[in-house]
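Read through the structure below, which is laid out as structure tokens, and then see the notes.
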Amino acid sequence: MDPSEVTEVLNRPISRELLARDLTRLAYVAEDGTPRVVPIGFAWNGSELVMCTPKNAPKLAALRRHPAVALTIDTEVHPPLILLIRGQAELDLVEGIPEEFLQSSGSYRMTPEQRVEWETEVRSLYDGMVRIVVTPTWAKLIDFETTLPSAVEELVRQREARERS
Numbered sequence: 000m001d002p003s004e005v006t007e008v009l010n011r012p013i014s015r016e017l018l019a020r021d022l023t024r025l026a027y028v029a030e031d032g033t034p035r036v037v038p039i040g041f042a043w044n045g046s047e048l049v050m051c052t053p054k055n056a057p058k059l060a061a062l063r064r065h066p067a068v069a070l071t072i073d074t075e076v077h078p079p080l081i082l083l084i085r086g087q088a089e090l091d092l093v094e095g096i097p098e099e100f101l102q103s104s105g106s107y108r109m110t111p112e113q114r115v116e117w118e119t120e121v122r123s124l125y126d127g128m129v130r131i132v133v134t135p136t137w138a139k140l141i142d143f144e145t146t147l148p149s150a151v152e153e154l155v156r157q158r159e160a161r162e163r164s
């Protein structure tokens, strides 16, 4: 997919809405060669999705070996809004708590007191983290009004061809 096409998809209003959410599903190939999908918080900085994880997370060895990843950001309503993204994971070891980690928990329902308690706990637990940075190389938005999954698009075309015959 051409980078300008990726940008066009990601700049659509619904895509921007989805990129403002806090949770994505990260798919990758585990070290044993089997697929994995994990929910993970993320922050969108306008060009990259940034996820943060503990330095000892098993997914890091897998991502070093197989950096190709897929992400899904979606809603829980009907019809669902779905943003599919593919890219390569780049790993960045940082000391302390990355700002993106704190941002990615920004819309969880916490009182101000709970937020302070959570952040205190996080800062006492982690001496550093790994930022998983993904620059999208492919993207598709599915809103079930203007865009559909490719298999459904094909079925619609087939139905229209049958109706014309």
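Residue 109 in numbering that gives the first Met the number 0 sits at position 110 of the sequence shown, with consecutive numbering throughout. No residue lacks a Cβ here, since even glycine has one placed at the ideal position from N, Cα and C.
For VAL132, which option in LEU48, MET0, GLU159 has the closest C-alpha, if you only look at C-alpha atoms?
LEU48
Who are the near neighbours of LYS139 in its chain, counting only those whose CB is closer than 6 Å to its CB and skipping five residues on each side?
LEU83
Taking the alpha carbon of LEU18 as the reference point, which residue from ARG35, GLU118, GLY40, GLU30 has its own alpha carbon closest?
GLY40
Please report how far the alpha carbon of ASP206 lies from the alpha carbon of VAL155, in whole angstroms.
This structure gives no information on residue 206, because the portion of the chain shown stretches from 0 to 164.
With a 10 Å radius around its C-beta and 16 neighbouring C-beta atoms as the bar for buried, classify VAL68 as buried or exposed.
By the neighbour-count definition (other C-beta atoms within 10 Å, threshold 16), VAL68 is a buried residue.
To which residues of the same chain is ASP73 closer than 6 Å at the C-beta, ignoring the five residues directly before and after it?
So the qualifying residues of the chain are PRO79, ILE81.
Taking only three categories from DSSP, how would you classify THR54?
According to the sequence shown, residue 54 is Lys rather than Thr. Three-state DSSP puts LYS54 in coil, outside helix and strand.
Taking 8 Å as the CB-CB limit, is ALA42 close to chain B?
The chain inventory of the structure shown lacks chain B, comprising one protein chain alone.
Relative to the C-alpha of ARG24, which residue among GLY32, LEU70, GLU7 is closest?
LEU70
Find the nearest neighbour of ASN10 within the set ASN44, ALA29, GLU89, judged by alpha-carbon distance.
ASN44
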